[in-house]
Amino acid sequence: MQQYSISQVAERFNLEPHTIRYYEKEGIISPNKTDKGIRAFTEADADQLSMVCCLKSTGMSIRDIKKYFDLCGQGDATVGERLEIFLDHRQHILDEVECLKKNLVKIERKIAWYKKKHGVE
Numbered sequence: 018m019q020q021y022s023i024s025q026v027a028e029r030f031n032l033e034p035h036t037i038r039y040y041e042k043e044g045i046i047s048p049n050k051t052d053k054g055i056r057a058f059t060e061a062d063a064d065q066l067s068m069v070c071c072l073k074s075t076g077m078s079i080r081d082i083k084k085y086f087d088l089c090g091q092g093d094a095t096v097g098e099r100l101e102i103f104l105d106h107r108q109h110i111l112d113e114v115e116c117l118k119k120n121l122v123k124i125e126r127k128i129a130w131y132k133k134k135h136g137v138e
């Protein structure tokens with residue numbers, strides 16, 4: 018089984034090692050440790066960290082990310098709650114996308130105005 022150091026995982030996900038240690042401290046991830054106390058990440062740990070990065074970059078709070086992974090740890094009995102978390106988060110993202118689209122239209126209008134006013138193509 019392939020194992021990765023914290024530096025390798027940090028580079029893979031473009032994170033700082035202290036960010037990964039923070040996620041561990043918060044109980045979101047829990048990599049194995051060697052006899053010498055060195056973190057040893059498996060591919061499963063990397064998959065979990067990938068989901069953490071996805072949720073974080075789309076605006077989910079650390080508290081809610083932790084809640085999701087706590088529910089995962091409880092097994093299939095929590096599938097409905099986990100689905101609800103993702104449905105709610107998807108709606109949050111869709112609302113943000115709609116807002117960004119509206120703001121982009123305003124910005125594009127302003128760009129067109131400046132180009133016309135100053136004869137720039």
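Using our numbering, count along the sequence shown one by one with no gaps and you end on 138.
Even for Gly, the Cβ is constructed at its ideal location relative to N, Cα and C.
Which listed residue (the options) has its alpha carbon closest to that of residue i
{"i": "D62", "options": "F86, E115 and D52", "result": "F86"}
{"i": "I23", "options": "G44, I45, R99 and T59", "result": "T59"}
{"i": "Q25", "options": "G97, R99 and I55", "result": "I55"}
{"i": "I102", "options": "K83, N120, C116 and E115", "result": "K83"}
{"i": "I79", "options": "N49, E41, L111 and Q108", "result": "E41"}
{"i": "R107", "options": "L32, K73 and G44", "result": "K73"}
{"i": "A21", "options": "N49, Y39 and E43", "result": "Sequence check: residue 21 is Tyr here, not Ala. Looking at the Cα atoms, N49 is the closest of the given residues."}
{"i": "L66", "options": "V137, K133, P34 and G92", "result": "P34"}
{"i": "M68", "options": "I37, D112, E125 and V137", "result": "I37"}
Bridge partners - residue i, DSSP secondary structure assignment
{"i": "Y10", "result": "Past the edges of the chain, shown from 18 to 138, lies residue 10, and the structure says nothing about it."}
{"i": "K50", "result": "R56"}
First and last residue of the uninterrupted alpha helix (DSSP H) at residue i
{"i": "I37", "result": "P34 to K42"}
Buried versus exposed call for residue i [16 or more other C-beta atoms within 10 Å across all chains shown]
{"i": "R29", "result": "exposed"}
{"i": "M18", "result": "exposed"}
{"i": "V96", "result": "exposed"}
{"i": "Y131", "result": "exposed"}
{"i": "L100", "result": "exposed"}
{"i": "V114", "result": "exposed"}
{"i": "I124", "result": "exposed"}
Curious, which full-length alpha helix (DSSP H) runs of at least 4 residues does the segment 70–135 contain?
The segment 70–135 contains these whole alpha helix (DSSP H) runs: 79–90 and 96–135.
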